[in-house]
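One structure is given below, encoded as C-alpha cells.
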Amino acid sequence: MADRQDRTFEDLVAEGAAVPTEGWDFSWFAGRATEERPSWGYAVSVAGRLATAEAVLDVQTGGGEVFGFALGRAARVPALLAATEGWPPNVAKATELLRPHGVVVVAVDEDAPLPFARGAFDLVVSRHPVRPHWTEIARVLRPGGTYFAQHVGPASVFELVEYFLGPQPEEVRRARHPEQERAQAEAAGLEVAALRSERLRMEFHDIAAVVHFLRKVVWMVPGFTVEAYEPRLRELHERMTADGPFVAHSTRHLFEARKPR
C-alpha cells in the first residue's frame, strides 16, 4: 500500500467510509490513530470481579468484545451471565462472541427498561454506556450488589466535535460530568464507593481514521456523512498532511456504586 502521505483525499475518504462499523473492535485504527488508555485497566478489573460474583449483567455490551475479554481472563466464571445491546448488528456480533462463554445476549433499546427481575444480579458492569439508567441499574441489583463501569466523560474528543459543529453550549460540554452522574446514582438509591477521572490524549494520523471514527461513534457528530462534511474533511486532510496528526482528548471516569443492604 502506498504511504498515506502519497494517497489522495478521495482514496482515504473512500477507505474510511468502507470499513464496517459494527462492534467495538478498534483494531482497524492501528497505525492510523492512537488513544491513551486509562490507568485503571477496566477489562482486567472486571475479570477480577467476575471471580467472586454469582450473577452478572453487562449493559450495552456493544459487540461483546470487552466482556468477552474479561470472561476469558476470569479465574472463575459466574453461573448466570447476561448482556444487553440495542443495535441489531451488534446484537448478532455479541451473541456469536459471548455464547461460548455462556452469556445470554438480550436485544434491548438503550432507553428501554432492563428486562430482568428486581434484584437479579449481584454485579452489573458497563463500558461506555450511552446513558446510564440509574433507576434500572439500582432495581436489578441485589442488596449489597455493585455497579462497576467505565463511562465517557464530559467534552470527550470535543476538539474533533467542535471542528465540525463549532463551539458547543456549556450545558452540552458538561453533559456526562462525573459529579452529575454521582448525584443521579445517589438519587436512585446507590452509594458511590469510588469515582476516578482521567483525560487522555488521542491522535488521528489520516482523514480515513477521522471518517471511520465519526461513522462508528455516531453521537459525536450526529448525522455525519462524508457528503455533508466534505469541505471540512478536505480542509482537515490538508491540515494533517502539512502539520501532522490531529490531536484531541478523550475523557473517562471509573464508577463503583453499591446498592445498600
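Everything in the sequence shown is counted per the numbering used here, starting at 860 for the first residue and increasing by one. Just so you know, even glycine gets a beta-carbon here, dropped at the ideal spot from N, CA and C.
As computed with DSSP, Asp917 is found in a beta bridge with Ala942, Val984.
Fewer than three Cβ pairs drawn from the segment 1096-1103 and the segment 963-981 lie within less than 8 Å of each other, which leaves the two stretches out of contact. Spatial neighbours of Glu1115 in its own chain (CB-CB distance under 6 Å, excluding positions within 5 residues in sequence) are listed in chain order as Phe1007, Ala1052, Ala1053. Rounded to the nearest angstrom, the gap between the Cα atoms of Pro1119 and Val984 is 17 Å. When the alpha-carbon of Ala873 is set against those of Arg1091, Leu1113, His1071, Leu930, the nearest one is in His1071.
Between Tyr901 and the set Gly927, Ala877, Arg891, the nearest pair of CA atoms involves Gly927. Remark: C-beta atoms of Ala966 and Glu944 approach each other more closely than 8 Å. Secondary structure remark: continuous beta strand (DSSP E) runs of at least 3 residues inside the segment 870-914, in chain order: 892-894. Listed in chain order, the beta strand (DSSP E) elements of length 3 or more contained wholly in the segment 1033-1117 are 1050-1063, 1105-1117. The Cβ atoms of Gly890 and Lys952 lie no closer than 8 Å to each other.
At the C-beta level, Arg932 and Val903 come within 8 Å of one another. Two segments are said to touch when three or more pairs of C-beta atoms, one from each, lie closer than 8 Å; by this definition the segment 1077-1086 does not touch the segment 1046-1065. A distance of 8 Å or more separates the beta carbons of Glu1057 and Pro991.
Of the residues assessed, Asp981 falls on the buried side of the cut-off, its CB having 16 or more other CB atoms within 10 angstroms. His992 carries a coil assignment under DSSP once its states are collapsed to helix, strand and coil. In the three-state DSSP reduction, Ala953 falls in the helix class (H, G or I). For Phe1007, the enclosing beta strand (DSSP E) has its first and last residue at 1000-1011.
Secondary structure at Ala979: coil, using DSSP grouped into helix, strand and coil. Per the coordinates, the alpha-carbon of Ser898 lies some 24 Å from the alpha-carbon of Ala1042. Secondary structure at Val1020: helix, using DSSP grouped into helix, strand and coil. Cβ neighbours of Trp1078 within its own chain (closer than 8 Å, five residues either side excluded): Val989. The beta carbon of Thr911 lies closer than 7 Å to none in the same chain, with the five residues before and after it left out. Taking Tyr1088 as reference, the option from Thr1100, Arg998, Val1016, Glu1021 with the minimal CA-CA separation is Glu1021. One alpha carbon belongs to Phe1105, the other to Met1061, and they sit about 8 Å apart. Asp1065 counts as buried, since at least 16 other C-beta atoms from the protein chains shown sit within 10 angstroms of its C-beta. Residue pairing from DSSP leaves Val1031 without any beta-bridge partner.
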